[in-house]
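Have a look at the structure below, then the notes.
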Amino acid sequence: MIGNRMGLAVYLHSLKFSKQLRRYGNVHYISKRMKYAVIYCDAAKIDDVAGKLESLHFVKEVKRSHKHEIKTEYESKIPDKAKEYDYKMGL
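Under our numbering, the first residue of the sequence shown is numbered 16, with each subsequent residue one higher.
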């Protein structure tokens, strides 16, 4: 079962070696025009995987995803009637 995953954006010199990225995690997307790949791997192993990927000769740069840092709990746009009444009363 899939646990806590994090994404890595791996920028490549050449797409010739893109199949080798499969051994480091799940390859989600490969951009041929911009020469990068999106890889998902376990959050516990993210430091090891990023270090191994940076040491490869065909990798330019490895960037981590910041999606887990973004707040995904949203507030309602509809105002609460009780709060609206308090604002009108000046409380």
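All residues carry an ideal CB built from backbone N, CA and C; glycine is no exception.
In the DSSP assignment, lysine 67 falls within the alpha helix (DSSP H) that extends over 61-69. The C-beta of methionine 21 has 16 or more other C-beta atoms within 10 Å across all chains shown, which makes the residue buried. Contact between the region 79-89 and the region 39-47 is absent, with fewer than three C-beta pairs closer than 8 Å. In the DSSP assignment, lysine 78 forms a beta bridge with Ala24.
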